[in-house]
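Student: Just remember that the numbering used here sits 1089 ahead of the position in the sequence shown, which is counted from 1. So that we are looking at the same thing, I have put the structure below in structure tokens.
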Amino acid sequence: MALIDLQAGSFSARVSTSGGLLLDFSWLVDGRKIPLLRPAQDAADARSSACYPLVPFGNRVRNNRFAFGGRNYSLLPNTSWDAHYLHGDGWLGEWSLLSRSRNEVQIGYRHQGQGTPYSYDVKQTITLSADGLRLHMRLENTGEDALPFGLGWHPFFPLTEQTTLCAKTQRYWTETAGWLPGKPADIPTELDFSRPSPLPNRWINNGFEGWSGEAQITWPENRTALALTADPLFQHTFIFLSDSKFDPEFRRDYFCFEPMSHLANGHNLPGLGDLKVLHHGEGLEGSIRLQPHEIPG
């Protein structure tokens, strides 16, 4: 495992090759270090990190099975606590350090079918600039079979008493047993973030489709707002807010807003839920950007 520190002006970040994780993204303003993602310890795993990649797709596939191209495929569980193959492989693997500079690092991960039908190479480039943070991934199918692929990130944002979220989406998916998506439905009022709104004080684990590719998180206590923008590839998002039943150590101090190129369980949905079919040698790539600014106190 290697730890890489990045710096650009008043921004700093720390990256771990274990899981391709971000461990920190902070902004120094008037001597105050403002966390823009949940800070993590150097030895953190993905679930306690600041952000991790979702590759070759995010979330779950119902019953770990899907049919594609006239063949049936199966997946194996990849954690001890979930019966499903969860969030792909990148977050659990060791990435290679490909290049680095003061403000940018590129890391790579190769997967060759262990427990899945997928073989692929992926590169993740993490860049700090005067505006903030850019995350970019490029994936290539190195397997012989054409398969549906997707990309995403799983960032953890600080949650304070005054935090608001603004993100326009078209509809959401209910949740059913096994943390799986249920059915598409109209967005309930308490999950309508088309205007800046606080997150409800309850468990949230829902996908949203038709995302505009823009979101804003505000932390009035820190006089800070964060604009999240994504390439057109990312038309969906997932919002996660834990509770003490799922995580006894949860202190309502973070939430997740996960840009994704596809719907959860897309393998079993019409149109593959916007997963992209890649033949051998074909690729998929996209970026998201996190850019903070000050707001009146």
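Quick reminder that beta carbons are idealized off the backbone N, C-alpha and C, glycines included.
(1) Could you check where the beta strand (DSSP E) with M1349 kicks off and where it finishes?
(2) Provide the residue span of the beta strand (DSSP E) that contains R1378, from first to last.
(3) Name the DSSP bridge partner or partners of F1327?
(4) Residues in the same chain with beta-carbon distance under 7 Å from G1098, minus the five sequence neighbours each way, listed in chain order, please.
(5) My assumption, with CB atoms under 8 Å, is that L1364 sits in contact with P1273. Please give the rounded CB distance.
(6) Determine, using beta-carbon pairs with one atom in the segment 1130-1142 and one in the segment 1249-1261, whether at least three such pairs fall under 8 Å.
(7) Taking R1227 as the reference, give the member of N1167, L1217 and G1239 with the closest Cα.
(8) Measuring only the C-alpha atoms, how far is R1154 from L1352?
(9) Since D1094 sits in a beta bridge, which residues does DSSP pair it with?
(10) Using 8 Å as the threshold, is the C-beta distance between W1242 and L1254 below it?
(11) Alpha carbon to alpha carbon, what distance is there between H1356 and V1211?
(12) Buried or exposed for D1119, please, with buried defined as at least 16 other CB atoms from any protein chain shown within 10 angstroms of its CB.
(13) What's the C-alpha gap between R1189 and S1376?
(14) L1112: which of L1092, Q1096, F1100 and G1159 sits nearest, CA to CA?
(15) Using C-beta distances below 8 Å, list every residue in its chain close to N1354, excluding the 5 sequence neighbours before and after it, in chain order.
(16) With H, G and I counted as helix, E and B as strand and the rest as coil, what does DSSP make of E1250?
(17) Buried or exposed: R1284, going by 16 or more other Cβ atoms within 10 Å of its Cβ?
(18) T1326 and W1300 - do their beta-carbons sit closer together than 8 Å?
(19) Could you give the residue range of the beta strand (DSSP E) that holds W1308?
(20) Go ahead and pull the three-state DSSP assignment for T1258.
Tutor: Taking the geometry as given:
(1) Y1343 to M1349
(2) G1372 to E1383
(3) G1296 and E1347
(4) A1219
(5) Between P1273 and L1364 the Cβ distance is about 16 Å, and since that is not below 8 Å, they are no contact.
(6) no
(7) G1239
(8) 16 Å
(9) R1103
(10) no
(11) 20 Å
(12) exposed
(13) 18 Å
(14) L1092
(15) N1148, R1149, V1150, R1151, L1269, P1270 and G1362
(16) coil
(17) exposed
(18) yes
(19) E1303 to W1308
(20) coil
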